[in-house]
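No gaps in the numbering here: position 79 of the sequence shown is 79 in full-length UniProt numbering, and each next residue is one more.
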Amino acid sequence: MAQRNKTVVARLIRGILSQVSWIRKRDLHILTSMSVTYTSDARFTIVGSPEHDDWNLRIDYVQPRDAGIYECQVNTEPKIYRAVALKVL
């Protein structure tokens with residue numbers, strides 16, 4: 001849960017040295033893949049320590065339109081994923 005205009009960080013399971021992506025489920029938009037950002041919205045960034053395999057999604061100045069499910073996917077076999085539900089107050 002996040003308050004409007006605050007920052008939220010969605011933490012992920014360890015990437016196990018594999019390809020890690022964050023996806024917004026409502027429109028299946030790939031937001032990030034590893035340290036590359038695929039959205040023009042600069043509020044979305046990756047934070048953490050790639051050296052330690054940390055790939056957390058940070059959303060600055062959270063807005064009501066940001067509410068929804070975000071999914072972290074790790075490209076392993078079998079695929080590892082974690083969904084995070086964001087509610088905005």
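Even glycine gets a Cβ: it sits at the ideal position worked out from N, Cα and C.
What three-state label does DSSP hand residue i in the structure shown?
i, result
"residue 71", "strand"
"residue 4", "coil"
"residue 58", "strand"
"residue 82", "strand"
With a threshold of 7 Å (Cβ to nearest heavy atom), would residue i be considered close to the ligand PLP?
i, result
"residue 3", "No copy of the ligand PLP appears in this structure; indeed no ligand is present at all."
Across which residues does DSSP place residue i in a beta bridge pair?
i, result
"residue 24", "29, 70"
Give me the Cα-Cα distance between residue i and residue j, rounded to the nearest whole angstrom.
i, j, result
"residue 55", "residue 38", "15 Å"
"residue 15", "residue 89", "Model confidence at residue 15 stands at a pLDDT of 49, short of 50, so the residue's coordinates are unreliable; what they give is reported in the following sentence. In a straight line, the C-alpha of residue 15 is about 30 Å away from that of residue 89."
How about residue i and residue j: do their beta carbons lie closer than 8 Å?
i, j, result
"residue 74", "residue 36", "no"
Legend entry - Sufficient close CB pairs (3 or more, under 8 Å) joining the region 78-88 to the region 42-51: The region 78-88 is not in contact with the region 42-51.
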